[in-house]
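I have placed the structure first, in the form of structure tokens, so that the comments after it can refer back to it.
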Amino acid sequence: MKRRVSILGATGSVGTSTLDLIERSPDRFDVIALTAGSDAQGLADAARRTSAKLAVIADPSHLAELETRLAGTDCRAATGADALNEAAAGEAEWVMAAIVGCAGLVPVMAAIEAGRTVALANKEALVSAGALMIDAAARHGATLLPVDSEHNAIFQCLAGSRREDVAKLILTASGGPFRTASDAAIRAATPAQAVAHPNWTMGAKISVDSATLMNKGLELIEAHHLFGLPSNRIDILIHPQSVVHSLVEFIDGSVLAQLGSPDMRVPIAYALAWPERMATPAQRLDLATIRSLDFEQPDLQQFPALRIARQALEQSGAAPTILNAANEVAVAGFLAGQFAFTEIASLVEQALERAVAGAPSSIEDVIQIDLETRHAVAELIEARCH
Ligand code: NAD
Ligand code: MG
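Residue numbers (the numbering used here): 56 to 441.
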């Protein structure tokens, strides 16, 4: 039987890679719903190619264009929260969560509460909602499949082993475009330099996060929730080639790793076909050509975001929600040219100093803390720029 799938964030980097795999295996998948933020053309094209039944655009000002572009098809064009929830929790049994940022939280929760299998790329939603999301998945019988390459690697390494046999997780990080840059070069970094990742082609927000290493900080929190280990049993290791996607150390001293060329279609395919596997066109790993793999400790002086994120995880309460929201606003401000690259981590740290709220006890709480933090950081930026 075909797997019925929906993709939230179908026009982005992860979304288009997911579509690429689905379109190569039309006998395996039926596309039910696709969503996008504002790219009506990209959404309509994908919906036409895959014969999707529902296309949801988050920005209502693009609905008319979407309707026009879907004229003559069986695909319904829609906007609004109800339509987004329908895309997430409707007919599809498998849902790719690939919206960027906390904007994806409500639809991800809708899919979880409907007991769906959720392929989770949208790490910000998990960082923000943390235990609430994991608890909801357990309560509603939803399956979370990690799509982030590091977490997917760990998920693969853990297959068939008992959780009590795991000693620690080791998340690898490329180090981003500024790994070997001087302090001065990092302070002067432009948005164009920050989004130019050496190994991966990704959306702008995660590319900046990779440059600050906040991405690895978010992934540390993501790993804590997905695999249930405390901060002191999750290490970060810089590995510039992005070939070893992450490792698991077991209590007997064995270390398992997952390797592959840096192509998101590999972890996406693992989630798409799970518990089976499917072929992908990803370049095969040629270790004799690569010759050597390098590893080093992260530099927390140069990249304070990683230290700040670990502190937020250890502090817990509202800190991870605040960390994520502050980072989203700070990255958007940096990309808009409002301030220097190094201000991103400093704005996030300042936002966390104001962290007084306890742990959110509901998704509504998470959304409230997220909103308050966005306002607070916008004020900090305003105060700095004037
Ligand atoms: P992207 O910016 O390329 O795409 C984001 C998608 O979300 C687009 O379809 C966009 O239309 C949609 N979107 C944006 N804002 C929205 C809003 N307010 N409401 C509804 N939809 C909205 O991002 P990406 O690189 O594909 O990343 C998506 C997620 O996957 C992120 O959470 C990222 O951290 C994670 N991720 C990405 C990669 C990668 O290789 N790109 C790897 C690991 C994890
Ligand atoms: Mg990753």
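Every residue, glycine too, gets a C-beta built ideally from N, C-alpha and C.
These numbers were taken from a predicted model, which means no experiment stands behind them.
Legend entry - Distance CB(Ala-142)-CB(Arg-124) smaller than 8 Å: Here residue 142 refers to the residue found at position 87 of the sequence shown. Here residue 124 refers to the residue found at position 69 of the sequence shown. It is not a contact, given that the beta carbons lie outside the stated cut-off.
Legend entry - Cα-Cα separation, Arg-320 to Ala-438: In the sequence shown, residue 320 corresponds to position 265, counting from 1. In the sequence shown, residue 438 corresponds to position 383, counting from 1. So the alpha carbons of these two residues sit roughly 43 Å apart.
Inset, instruction - Report buried or exposed for Asp-114, applying the criterion of at least 16 other Cβ atoms within 10 angstroms of its Cβ. - result: Taking the first residue of the sequence shown as position 1, residue 114 is located at position 59. Per the 10 Å Cβ criterion, exposed.
Legend entry - Any non-hydrogen atom of the ligand MG within 7 Å of Asp-203 CB: Taking the first residue of the sequence shown as 1, we reach residue 203 at position 148. True, at least one ligand heavy atom lies under 7 Å from that Cβ.
Legend entry - Bridge partner(s) assigned by DSSP for Val-221: As a first step, residue 221 is located in the sequence shown; it is residue number 166 there, counting from the start. Phe-305, per the DSSP bridge assignment.
Inset, instruction - May I have the straight-line CA-CA distance separating Ala-324 from Ala-247, to the nearest angstrom? - result: Walking along the sequence shown from the start, residue 324 turns up at place 269. Walking along the sequence shown from the start, residue 247 turns up at place 192. So the two alpha carbons sit approximately 30 Å from each other.
Legend entry - Residues near Ala-101 in its chain [Cβ-Cβ closer than 6 Å; skip 5 each side]: In the sequence shown, counting from the first residue as 1, residue 101 sits at position 46. Non-local beta-carbon contacts of Ala-101 in its own chain, meaning distances under 6 Å to residues more than five positions away in sequence, involve Ala-65, Leu-74, Leu-89 in chain order.
Inset, instruction - Return yes when at least one heavy atom of the ligand NAD lies under 7 Å from the C-beta of Asn-177, else no. - result: Here residue 177 corresponds to residue number 122 of the sequence shown, with the count starting at 1. Yes; taking the cut-off as 7 Å, the Cβ of Asn-177 has a heavy atom of the ligand NAD nearer than that.
Inset, instruction - Evaluate contact between the stretch 329-339 and the stretch 294-312, counting only Cβ atoms and requiring at least three cross-stretch pairs below 8 Å. - result: Because the criterion of three Cβ pairs below 8 Å is not met, the stretch 329-339 and the stretch 294-312 do not touch.
Inset, instruction - Tell me where the beta strand (DSSP E) around Ile-112 begins and ends. - result: Indexing the sequence shown from 1 puts residue 112 at position 57. For Ile-112, the enclosing beta strand (DSSP E) stretches over residues 109-112.
Legend entry - Through-space distance from His-279 to Lys-178, alpha-carbon basis: Translated into the one-based positions of the sequence shown, residue 178 becomes position 123. Translated into the one-based positions of the sequence shown, residue 279 becomes position 224. If I take the Cα positions, the gap works out to 12 Å.
Inset, instruction - State the beta-bridge partners of Met-151 as determined by DSSP. - result: In the sequence shown, counting from the first residue as 1, residue 151 sits at position 96. DSSP, once it has assigned bridges, lists Ile-62, Ala-174 as partnering Met-151.
Legend entry - Range of the contiguous alpha helix (DSSP H) that encloses Pro-162: Walking along the sequence shown from the start, residue 162 turns up at place 107. For Pro-162, the uninterrupted alpha helix (DSSP H) segment begins and ends at 160-168.
Inset, instruction - Look at the alpha carbon of Gln-370 and the alpha carbon of Phe-358, and state the distance between them as a whole number of angstroms. - result: Taking the sequence shown and counting its residues from 1, the one referred to as residue 370 is at position 315. Taking the sequence shown and counting its residues from 1, the one referred to as residue 358 is at position 303. Gln-370 and Phe-358: Cα-Cα distance of roughly 20 Å.
Legend entry - Span of the beta strand (DSSP E) around Arg-131: Taking the sequence shown and counting its residues from 1, the one referred to as residue 131 is at position 76. Where Arg-131 is concerned, the enclosing beta strand (DSSP E) stretches over 131-133.
Inset, instruction - Kindly indicate which residue of Ala-380, Ile-112, Leu-63, Gln-423 has the alpha-carbon position closest to the one of Ala-133. - result: Position 78 of the sequence shown holds residue 133. Closest option to Ala-133, Cα to Cα, is Ile-112.
Inset, instruction - Find out if the Cβ-Cβ distance for the pair Thr-376, Val-421 is shorter than 8 Å. - result: In the sequence shown, counting from the first residue as 1, residue 376 sits at position 321. In the sequence shown, counting from the first residue as 1, residue 421 sits at position 366. At the C-beta level, Thr-376 and Val-421 come within 8 Å of one another.
Inset, instruction - Taking only the alpha-carbon atoms, compute the straight-line gap between Lys-260 and Val-155 and give it to the nearest angstrom. - result: Here residue 260 corresponds to residue number 205 of the sequence shown, with the count starting at 1. Here residue 155 corresponds to residue number 100 of the sequence shown, with the count starting at 1. Across the structure, Lys-260 and Val-155 are spaced so that their CA atoms are roughly 8 Å apart.
Legend entry - Among Ala-381, His-300, Gln-96, the one whose alpha carbon lies nearest that of Ile-436: The sequence position of residue 436 within the sequence shown is 381, counting from 1. Nearest of Ala-381, His-300, Gln-96 to Ile-436, Cα basis: Ala-381.
Legend entry - Asp-349 versus His-294 - alpha carbon distance: As a first step, residue 349 is located in the sequence shown; it is residue number 294 there, counting from the start. As a first step, residue 294 is located in the sequence shown; it is residue number 239 there, counting from the start. If you draw a straight line from the Cα of Asp-349 to the Cα of His-294, it is about 6 Å long.
Inset, instruction - Taking only heavy atoms of the ligand MG into account, decide whether any of them is closer than 7 Å to the Cβ of Glu-274. - result: On the sequence shown, residue 274 is found 219 positions in, with the first residue counted as 1. The ligand MG has a heavy atom closer than 7 Å to the beta-carbon of Glu-274.
Legend entry - Segment contact flag, the stretch 188-201 with the stretch 215-226, C-beta cutoff 8 Å, min 3 pairs: Not touching, per the Cβ criterion.
Inset, instruction - Below 8 Å CB to CB, which residues in the same chain sit around Gly-315 once its five sequence neighbours on both sides are set aside? - result: Locating residue 315 in the sequence shown gives position 260, where the first residue counts as 1. Within the same chain, Gly-315 has close Cβ partners Val-298, His-300, Val-321, Ala-337, Leu-340.
Legend entry - Status (buried if at least 16 other CB within 10 Å, exposed otherwise) for Gln-211: For the purposes of this step, residue 211 is taken as residue 156 along the sequence shown, with counting starting at 1. That one is buried.
Inset, instruction - Could you tell me how far apart the beta carbons of Leu-160 and Leu-199 are, in whole angstroms, since I believe they sit closer than 8 Å? - result: As a position in the sequence shown, residue 160 is number 105, starting the count at 1. As a position in the sequence shown, residue 199 is number 144, starting the count at 1. Rounded, the Cβ-Cβ distance is 14 Å, inconsistent with contact.
Inset, instruction - Measure the beta-carbon distance from Gln-393 to Cys-440 and round it to whole angstroms, keeping in mind my assumption that it falls under 8 Å. - result: For the purposes of this step, residue 393 is identified with residue 338 of the sequence shown, where counting begins at 1. For the purposes of this step, residue 440 is identified with residue 385 of the sequence shown, where counting begins at 1. Your pair Gln-393 and Cys-440 checks out as a contact, with CB atoms roughly 6 Å apart and the cut at 8 Å.
Inset, instruction - Indicate, with yes or no, if the ligand NAD has a heavy atom lying under 7 Å from the CB of Asp-318. - result: For this step, residue 318 is matched to residue 263 along the sequence shown. No, the ligand NAD has no heavy atom inside 7 Å of this Cβ.
Inset, instruction - Can you say whether Asp-318 is buried or exposed, counting buried as having 16 or more other CB atoms within 10 angstroms of its CB? - result: In the sequence shown, residue 318 corresponds to position 263, counting from 1. Label assigned to Asp-318: buried.
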